[in-house]
Amino acid sequence: MKKGKDIDREERETAANEPLSPVSQLFVLPGLYCVIVLTLGFKTRCNPSAIVEGIKNTWIKLPRFSSKVEMKKNGQAVWVPVTVRVEDHVIVPDLDHFNIENPDQFIEDYTSNIASTPMNMSRPLWEFHVLNVKTSNAKSVGIGKLHHSLGDGVSLMTLLLASSRKVSDPKAPPTTTATKKHADSSAKGWWCIRRFWLVINIIFTTLTELFKFWLTLCFMRDTKTPLMSEPGDIVRPRKCINRIISLDDVKMIKNTMEMKVNDVLLGMTQAGLSRYLSKKSVDDDMATGKKKVRLRGTVAVNLRSDTKIEDLTNMMEKGSKCRWGNFVGIVIFPLWVRCEDDPLEYVRKAKSTMDMKRISMEALILYGLVKCIMKIFGDKAAENIVKRVFGHTTLTFSSVMGPKEEVSLFDHPMSYVTATASGGPQALIIHFVSYVDKIIINLAVDPTVIPDPHQLCDDLVESLDIIKLAALEKGVHNMEV
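Here this note's numbering is used: the first residue of the sequence shown is 91, the next is one more, and so on.
Right, here's the structure in full:
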């Protein structure tokens, strides 16, 4: 027994020397402080004891959930294992249920408050709030607050899936769809020609996008709009809201227009922002679309080839290794903000831009560039570059695929899952998360810049409805032809 304890101590001391990844290192810097707020709606009342026991059997077995961040004298941040009492991280607030007149608004305010409250960096950087408040979409709510240094959206969604079980089969983990590679049955000569042309296209597109990035870094800033924040290093307050839309509606548009779900979401975002700005702008030329507006978003790109929930499950159960943490790059996405007569033009523009971004190596090269700058010039130089890029653009956009079937977390069946990030110099962060047949729109805004986030969310939803009607008309027209 003593020998086992000695081995465990050696493993913990070795883990204490593990440095943070380059992106995680950036997130612990004061100027780039960022947390992820994960909201889970449950179909039953929440049992705090079951949540505590479930976390003990899963999350706490991951080294980062039982470690704190410590800065060494040379400025390098490392993970230091500590003893964790899970009960201290699972928070059950004492609520006066009789005085909660609007439960949905209460949850929104509660989420916004914890998103805007800085974390205690002297202990493991996570907490889970349990609220037995019945809302319009759930019987109870669990809110996880996790520092972004723990992992990116893909890592944390994979963790959620690995910790969950199917409602239809409580002993089975959720199923995931593997990426299928289609065999090329064409002649070898044509394959070589297409491959050569693809390489040329990748090189040209990558150089073009890197040149645009360089211009952004040096001087090119977005047009001043009601969505654009003022430059500065302050930690901004956040208002977090969400809205549920139908995944089937998005898929219908996707199939009609022959594109990807992400293209439709970006197209909807462009249309919604155009509607919002046309109402808010005092410039008539900008409101009518006569004046060109430069409005860009930083889009998070997952750089992993694959992260399987089975690998993460084995990591929690057997201590095996898997690709975990922050392994994301960014691309700068120009948003088409215009008043279009044809609403389908927004999704066409989104697809054409994303097609270029998909073949570009921009995200991977920028990740390597930041990593190299950190090693040569230090964290401060990398921090200044990242802050300048985010400060010269208007918003951040990302989408994460959630469970495709109904699941339960620690014996609590879920009705929805939503996530958003809070931090950085931008006034608007837009996240989309799917769950079964739903997509949840998540907005994290600086209320001093965007005082009416519900109006912005309404414009996004209305834009989807308008695009859906246009797609239906297009589908009927194609059938008639």
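By construction, the Cβ of each residue, glycine as well, lies at the ideal position given by its N, Cα and C atoms.
Start-to-end residues for the alpha helix (DSSP H) that takes in Ser498: For the purposes of this step, residue 498 is taken as residue 408 along the sequence shown, with counting starting at 1. From DSSP, Ser498 is part of no alpha helix (DSSP H) but of the beta strand (DSSP E) over Val497 to Leu499.
Bridge partners - Arg284, DSSP secondary structure assignment: Locating residue 284 in the sequence shown gives position 194, where the first residue counts as 1. BP columns for Arg284 are empty, so no partner.
Residue(s) in a DSSP beta bridge with Met504: Position 414 of the sequence shown, counted from the start, is the residue given in the question as residue 504. Paired residues: Phe132.
Under 8 Å between C-beta atoms of Leu518 and Thr483: Start at 1 with the first residue of the sequence shown, and residue 518 comes out as number 428. Start at 1 with the first residue of the sequence shown, and residue 483 comes out as number 393. No, these two residues do not count as a Cβ contact at 8 Å.
Three or more C-beta pairs below 8 Å linking the region 447-463 and the region 332-344: no
Sheet register partners of Tyr200 (DSSP bridge): Your numbering for residue 200 matches position 110 in the sequence shown. None; Tyr200 has no bridge partner.
Helix, strand or coil at Asn189 [DSSP, three-state]: Numbered from its first residue, the sequence shown carries residue 189 at position 99. Three-state DSSP puts Asn189 in a helix.
Secondary structure, beta strand (DSSP E): runs of 3+ residues fully inside the region 499-562: 502-513, 518-525 and 528-535
Contacts around Pro120, its chain only, beta-carbon distance under 7 Å, and the 5 residues preceding and following it disregarded: Taking the sequence shown and counting its residues from 1, the one referred to as residue 120 is at position 30. Answer for Pro120: no residue qualifies.
Reference Ile529, options Lys229, Leu554 and Ser498, closest by Cα: Residue mapping note: residue 529 aligns to position 439 of the sequence shown, counting from 1. Taking only the C-alpha atoms, the option nearest Ile529 is Leu554.
Sequence-distant residues of its chain with Cβ nearer than 6 Å to Leu128 (five each side left out): As a working mapping, residue 128 is identified with position 38 in the sequence shown. Answer for Leu128: Gly234 and Ala509, listed in chain order.
Distance between Ser498 and Ala228 (C-alpha atoms, nearest Å): In the sequence shown, counting from the first residue as 1, residue 228 sits at position 138. In the sequence shown, counting from the first residue as 1, residue 498 sits at position 408. If you take the alpha carbons of Ala228 and Ser498, they lie about 13 Å apart.
Residue range of the unbroken alpha helix (DSSP H) whose run includes Glu177: Counting from one through the sequence shown, the residue named residue 177 turns up at place 87. Here the alpha helix (DSSP H) through Glu177 covers Val176 to His179.
DSSP beta-bridge partners of Trp169: The residue you call residue 169 lines up with position 79 of the sequence shown. Paired residues: Val159.
Glu348 burial status per 10 Å Cβ neighbour count (16 or more: buried): Looking up residue 348 in the sequence shown gives position 258. Its Cβ having fewer than 16 others within 10 Å, Glu348 is exposed.
Pair within 8 Å by beta-carbon distance, Val118 and Leu110: Indexing the sequence shown from 1 puts residue 118 at position 28. Indexing the sequence shown from 1 puts residue 110 at position 20. Going by C-beta atoms, Val118 is nearer than 8 Å to Leu110.
Cβ neighbour criterion (16 or more within 10 Å) applied to Glu177: By 1-based counting over the sequence shown, the position of residue 177 is 87. Counting Cβ neighbours within 10 Å, Glu177 comes out exposed, since fewer than 16 surround it.
Alpha carbon of Ile181 to alpha carbon of Ile204, nearest angstrom: The residue given as residue 181 occupies position 91 in the sequence shown. The residue given as residue 204 occupies position 114 in the sequence shown. Approximately 12 Å, taken between the alpha carbons.
Ala361: first and last residue of the uninterrupted alpha helix (DSSP H) it sits in: Taking the sequence shown and counting its residues from 1, one reaches residue 361 at position 271. Val351 to Lys370 is the extent of the alpha helix (DSSP H) around Ala361.
As assigned by DSSP and simplified to three states, the class of Ala140: For the purposes of this step, residue 140 is taken as residue 50 along the sequence shown, with counting starting at 1. Residue state, collapsed to three classes: helix.
Which of helix, strand or coil DSSP assigns to Pro424: Position 334 of the sequence shown, counted from the start, is the residue given in the question as residue 424. Three-state result, Pro424: strand.
Neighbour-count burial assignment, Arg386, 16 or more Cβ in a 10 Å radius: Counting from 1 along the sequence shown, the entry for residue 386 is found at position 296. By the 10 Å Cβ count, Arg386 comes out buried.
Distance, Lys261 Cα to His238 Cα: Start at 1 with the first residue of the sequence shown, and residue 238 comes out as number 148. Start at 1 with the first residue of the sequence shown, and residue 261 comes out as number 171. For His238 and Lys261, the distance between alpha carbons rounds to 30 Å.
Spatially closest choice to Gln166 from Asp431, Glu108, Thr359 and Leu236, by CA coordinates: Numbered from its first residue, the sequence shown carries residue 166 at position 76. Selected option, being the one with the closest Cα: Glu108.
Span separating the alpha-carbon of Lys213 from that of Val159: Sequence index remark: in the sequence shown, residue 213 carries index 123 (1-based). Sequence index remark: in the sequence shown, residue 159 carries index 69 (1-based). In the sequence under discussion, the amino acid at residue 213 is Arg, which differs from the Lys named in the question. So the alpha carbons of these two residues sit roughly 8 Å apart.
Status (buried if at least 16 other CB within 10 Å, exposed otherwise) for Asn332: Locating residue 332 in the sequence shown gives position 242, where the first residue counts as 1. With 16 or more other Cβ atoms within 10 Å, it is buried.
Ile335 vs Ile531 beta-carbon contact at 8 Å: The residue given as residue 335 occupies position 245 in the sequence shown. The residue given as residue 531 occupies position 441 in the sequence shown. For Ile335 and Ile531, yes; Cβs fall inside 8 Å.
Residue range of the alpha helix (DSSP H) that includes Arg438: The residue given as residue 438 occupies position 348 in the sequence shown. Residues Leu434 to Ile449.
Residues bridged to Gly234 [DSSP beta-bridge criterion]: Indexing the sequence shown from 1 puts residue 234 at position 144. Per DSSP, Leu128 and Phe218.
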